[in-house]
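Structure first, then comments.
Residue numbers (the working numbering): 726 to 1037.
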């Protein structure tokens, strides 16, 4: 029996996860975001280095995405996303980052702190870190025929070379227990869209999280990006994204892959890549109407709702 309101877990970080959560919160009332904690740049990086906390930025963006469309939700979404502009130490810090870290210090528990922020915002779902400690991304990069190793999410995202694979430091980080449980109990697990090497794939490198993603009874869905990301996936076709996912998790199967009609150059190749992971391709118009490389929330929500309820 297909549940009326499926339990959905969305994996990722940054703007990609913001896009999927903005759509998902309108089609289910049981939604959990599991968010990467490897950011080492900007406001998050500064707070991480100064206070030794999890980088809060991607967690903040996920909470903002879960805010409702009423005045309360819209206002709080703008507040937590607001960045200070000054000539002093506060410049560039996001209000939500400071609020989250304050609650972590007061409560001594990252998950409880995020729950309190979610209650304040009236979030339609919950947000969890993928690991209990801050992580660093280490990438093997090919440049001018040579393989080098770089460290850090910012360095990985901005490298002029071609990222071949990623790993995490520490290599065996403790997963957030609540995140593992959410994946085990989910009806659907959603990968992407987002920065492939720095937001999506890291979840598969946390051992306990990876085990849960492989053994869960949930169906697995991949939402492909609308365009390659400069400095990280330059030149990647839609099918290349799936090939890289399979290289990092050879035994992971998926049930469905969503791709925008306007960005698929070789439909047969993409269908073959999806089938190699056990999944089917769902082509749909999910891009923004202005032609920018971002997903349209209502369009994506409609497709997700049809897939979740067996109508597509």
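Just so you know, even glycine gets a beta-carbon here, dropped at the ideal spot from N, CA and C.
Of all alpha-carbon atoms in 768, 740, 855, the one lying nearest the alpha-carbon of residue 817 is that of 768.
Taking C-beta atoms under 8 angstroms as the contact rule, residue 784 and residue 854 qualify, at a distance of about 6 angstroms. Distances from the CA of residue 742 to each of 888, 1019, 1033, 1030 were compared; the closest alpha carbon is that of 1019. The shortest CA-to-CA distance from residue 956 to any of 889, 822, 758, 940 is the one to 889.
The Cβ-Cβ distance between residue 986 and residue 1008 falls below 8 angstroms. For residue 916, the enclosing beta strand (DSSP E) has its first and last residue at 913 to 916. Of the candidates 792, 835, 895, 840, the residue whose Cα lies closest to the Cα of residue 847 is 792. Taking residue 789 as the centre and dropping the five residues before and after it, the same chain places the C-beta of 802, 805, 806 closer than 6 angstroms to its C-beta, in chain order. Excluding the 5 residues flanking it on each side, residue 953 has same chain C-beta neighbours closer than 7 angstroms at 959, 960, 961, in chain order. In this structure residue 1034 is exposed. Its beta-carbon is surrounded by fewer than 16 other beta-carbon atoms within 10 angstroms.
In terms of Cβ geometry, residue 756 and residue 1029 do not form a close pair [threshold 8 angstroms].
Counting the other CB atoms within 10 Å of its CB gives residue 895 a total below 16, which places it among the exposed residues. Taken through DSSP and simplified to helix, strand or coil, residue 878 comes out as helix.
Beta-bridge partners of residue 808 (DSSP): 819. Ranked by how close their Cα comes to the Cα of residue 899, the residues 754, 761, 732, 739 have 761 in first place. For the 8 angstroms CB-CB criterion, residue 909 and residue 937 form a contact.
Ranked by Cα distance from residue 730, the options 747, 754, 745 are led by 754. Excluding its 5 nearest sequence neighbours in each direction, residue 859 has C-beta neighbours in its own chain below 7 angstroms: 762, 773, 779, 780, listed in chain order.
Judged by DSSP secondary structure, residue 941 falls outside any beta strand (DSSP E); it is assigned neither H nor E.
Taking the Cα positions, residue 932 is about 11 angstroms away from residue 974.
For residue 890, the secondary structure class from DSSP, reduced to helix, strand or coil, is strand. For residue 851, the enclosing beta strand (DSSP E) stretches over residues 851 to 854. Assignment of residue 761 by DSSP, reduced to helix, strand and coil, places it in the coil class. Check the Cα spacing between residue 787 and each of 834, 983, 738: the tightest is with 738.
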